[in-house]
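Notes to accompany the following structure.
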Amino acid sequence: MKNTEALPLISIIVPVYNVKDYLEKCLQSICVQTYKNLEIILIDDGSSDGSGELCDLFAQRDGRIKVIHQTNAGQSAARNRGLAVAQGEFLGFVDSDDWIEPDMYEFLYHLLKENGADISICSHYRDKGKKSVAKYSSGEQFVFTRDEGIRALVVDRRIRNYVWDKLYKRRLFSGITFPLNRIFEDIAISYRIFYKAEKIVVREFPKYHYVIRDGSAMQSKYDPLKEHNLFLSVYEQVYFVLEKGIWDQAPIYVLRRGIRLIDHMSMLRPSSSTEGVIKDVLAKMHEFDDVSCCQLGLSLSLKRYFIFHYMSAYRKTYRFVRLILKSKRHKF
Numbered sequence: 001m002k003n004t005e006a007l008p009l010i011s012i013i014v015p016v017y018n019v020k021d022y023l024e025k026c027l028q029s030i031c032v033q034t035y036k037n038l039e040i041i042l043i044d045d046g047s048s049d050g051s052g053e054l055c056d057l058f059a060q061r062d063g064r065i066k067v068i069h070q071t072n073a074g075q076s077a078a079r080n081r082g083l084a085v086a087q088g089e090f091l092g093f094v095d096s097d098d099w100i101e102p103d104m105y106e107f108l109y110h111l112l113k114e115n116g117a118d119i120s121i122c123s124h125y126r127d128k129g130k131k132s133v134a135k136y137s138s139g140e141q142f143v144f145t146r147d148e149g150i151r152a153l154v155v156d157r158r159i160r161n162y163v164w165d166k167l168y169k170r171r172l173f174s175g176i177t178f179p180l181n182r183i184f185e186d187i188a189i190s191y192r193i194f195y196k197a198e199k200i201v202v203r204e205f206p207k208y209h210y211v212i213r214d215g216s217a218m219q220s221k222y223d224p225l226k227e228h229n230l231f232l233s234v235y236e237q238v239y240f241v242l243e244k245g246i247w248d249q250a251p252i253y254v255l256r257r258g259i260r261l262i263d264h265m266s267m268l269r270p271s272s273s274t275e276g277v278i279k280d281v282l283a284k285m286h287e288f289d290d291v292s293c294c295q296l297g298l299s300l301s302l303k304r305y306f307i308f309h310y311m312s313a314y315r316k317t318y319r320f321v322r323l324i325l326k327s328k329r330h331k332f
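When we follow full-length UniProt numbering, the leftmost residue of the sequence shown carries the number 1, and every step to the right adds one.
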């Protein structure tokens with residue numbers, strides 16, 4: 001890439017925690033970017049497996065790398081630390097067990113500049129073992145206004161609630177930080193960042209490699225509290241959209257997520273934690289009682305009715321049907 005001295009600085013924030021087996025590939029993929037004017041911020045979040053030492057080694061090799069070591073505080077706190085020290089005009093995020101194509105930031109920068117956008121977005125690969133599957137690789141380009149972009153986030157179509165597949169103007173993060181002690185923190189802030197943007201551009205070329213590994217937070221077995229966390233993030237997102245008058249159809253997605261969560265809970269042995277989650281979800285679903293059957297669709301409307309009026313019977317019936325279907329699958 002020519003004339004690198006004239007290009008603005010991009011700060012790339014990488015939270016690091018006990019990923020030594022993946023970290024070298026991640027950092028190498030960032031260091032060899034065709035877009036050279038980078039500030040690479042590595043936040044070692046109290047790693048105990050040698051990841052922090054590996055960060056220091058890379059910093060010795062590449063002067064663009066800044067390493068911050070901190071006591072373990074979680075991914076949100078690590079990202080916030082990176083935001084606090086970032087100097088770039090633009091921001092990007094990479095998770096330390098993932099890796100990126102050599103031209104990812106050159107691609108995103110030119111996509112943003114050519115369209116006069118505030119946020120540019122690529123698509124990604126899902127890597128598991130030696131298999132890499134491209135997600136959304138049509139090559140098509142889509143340009144969204146602020147409200148259109150937020151609606152796409154809510155629907156989770158064309159635009160996903162990740163921060164790692166995007167290039168942002170840094171000013172969009174002014175006054176915004178990742179919430180602490182939350183899972184799915186990307187969902188919790190994405191709509192607030194998009195609300196500050198005038199234009200968002202998406203090009204469906206995969207440039208990011210999302211690595212599915214054993215033990216990662218997003219691949220562990222079903223956790224009702226984690227699912228509740230996701231529901232709360234969607235609920236907050238939808239409330240924001242309604243308050244700003246962006247889209248009156250958004251409550252449908254709270255109801256869909258709530259019904260799905262209760263279905264999952266029905267397969268678990270009742271406990272104080274699961275019952276507390278269900279109570280909270282029901283209360284929040286009732287806030288949108290005015291969503292009509294026509295809006296929600298016949299199948300979900302029937303589920304909503306039985307959940308609201310015959311919860312115990314609904315859960316027992318759902319569990320029974322699922323177990324019957326499961327036994328039939330095993331039989332054949």
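Idealized CB from N, CA, C, for every residue including glycine.
All figures in this text were calculated on a predicted structure; none of them were measured in a lab.
Closest Cα partner of residue i within the set the options
i	options	result
Ala77	Asp45, Asp290, Leu225 and Ser11	Asp45
Arg192	Ser174, Ser51 and Glu39	Ser174
Asn181	Arg79, Val211 and Glu204	Arg79
His286	Ser271, Pro270, Arg304 and Val202	Arg304
Tyr35	Leu23, Glu275 and Ser11	Ser11
Glu140	Val155, Ile159 and Asp127	Ile159
Asp56	Gly88, Met104 and Leu23	Leu23
Tyr109	Asp290, Tyr125, Ser301 and Lys207	Lys207
Ile41	Ser96, Asp263, Met104 and Glu236	Ser96
Phe6	Leu38, Ser123, Gly116 and Phe107	Checking the displayed sequence, the identity of residue 6 turns out to be Ala instead of Phe. Comparing Cα-Cα distances from Ala6 to each of Leu38, Ser123, Gly116 and Phe107, the minimum goes to Leu38.
Lys169	Arg126, Pro179 and Tyr105	Tyr105
Proximity test, residue i beta-carbon vs the ligand ADP heavy atom, cut-off 7 Å
i	result
Arg304	Because no ligand of any kind appears in the structure shown, any question about the ligand ADP cannot be addressed here.
CB contact flag (residue i, residue j, <8 Å)
i	j	result
Arg277	Leu225	Rather than Arg, the amino acid found at residue 277 in this sequence is Val. Yes, these two residues count as a Cβ contact at 8 Å.
Cys26	Val85	no
Leu83	Ile13	yes
Ile100	His209	yes
Pro15	Ile43	yes
Arg81	Ile65	no
Ile176	Ile187	no
Leu268	Phe231	no
Val163	Val241	no
Val32	Pro102	yes
Val254	Lys284	yes
His124	Lys135	yes
Tyr314	Phe320	no
Coarse secondary structure for residue i, derived from DSSP in three states
i	result
Lys303	helix
Glu140	coil
residue 342	The requested residue 342 is not part of the displayed model; the chain covers only 1 to 332.
Pro251	helix
Ser96	coil
Phe240	helix
Met218	In this prediction, Met218 scores a pLDDT of 49, lower than 50, which makes its location untrustworthy; no coordinate-derived value is stated.
Leu167	strand
Nearest-angstrom beta carbon gap, residue j and residue i [assumed within contact, 8 Å]
i	j	result
Val234	Arg257	5 Å
Asp49	Asn18	5 Å
Ile252	Leu296	6 Å
Ser137	Phe205	7 Å
Segment contact flag, the segment 198 to 209 with the segment 234 to 251, C-beta cutoff 8 Å, min 3 pairs | The answer is no - the segment 234 to 251 does not touch the segment 198 to 209, with fewer than three Cβ pairs under 8 Å.
How do the segment 142 to 149 and the segment 54 to 69 stand: do at least 3 beta-carbon pairs fall below 8 Å, yes or no?
-> Counting Cβ pairs under 8 Å, fewer than three are found: no touch.
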